[in-house]
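Undergrad: Numbering follows full-length UniProt numbering, with no gaps: position 26 of the sequence shown is 26. Here a beta-carbon is modelled for each residue, glycine too, at the ideal position from N, C-alpha and C. None of these values were measured; they are calculated from a predicted model. Okay, here's the structure, questions in a sec.
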Amino acid sequence: MSVTRPRPVIPEDLPKLLHSLSYAVIKNQPQDIISFAVEHFTLMYHEREREKVDAEKRKDELILHEKNKFTIRDEKTNELLYLDEYEGQLC
1 MSVTRPRPVI PEDLPKLLHS LSYAVIKNQP QDIISFAVEH FTLMYHERER EKVDAEKRKD
61 ELILHEKNKF TIRDEKTNEL LYLDEYEGQL C
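Set out below in structure tokens:
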């Protein structure tokens with residue numbers, strides 16, 4: 001009697017990560033592949049974390065920018081205009 005086991009689920013990013021490492025190993029031909037892999041994944045990790053921080057900064061800047069905008073209504077056309085508080089220009 002054979003037992004069927006559930007097929008393992010491959011994480012979505014795993015093939016991309018392994019391809020990235022494989023390409024870097026073939027390109028650089030390191031003597032110690034394990035140490036090279038540690039460096040490779042550490043760099044990828046720090047880059048990802050830096051991108052998260054940058055994205056949060058851009059989000060915070062956008063929120064701050066949106067909070068500092070005022071709307072005014074053009075008396076002639078009755079259109080809603082946005083006035084940027086810092087630049088004093090119509091947006």
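1) Going by DSSP, what residue range makes up the alpha helix (DSSP H) through Pro15?
2) Ordered along the chain, which non-local residues of its own chain (more than five positions away) have a Cβ less than 8 Å from that of Ala24?
3) Where does Arg5 fall in DSSP's three states?
TA: The structure says:
1) Sequence index remark: in the sequence shown, residue 15 carries index 15 (1-based). 14–28 is the extent of the alpha helix (DSSP H) around Pro15.
2) Reading the sequence shown from its first residue, position 24 is the one you call residue 24. Result list for Ala24: Phe36, His40, in chain order.
3) Translated into positions along the sequence shown, residue 5 becomes position 5. The answer is coil: DSSP assigns Arg5 none of H, G, I, E or B.
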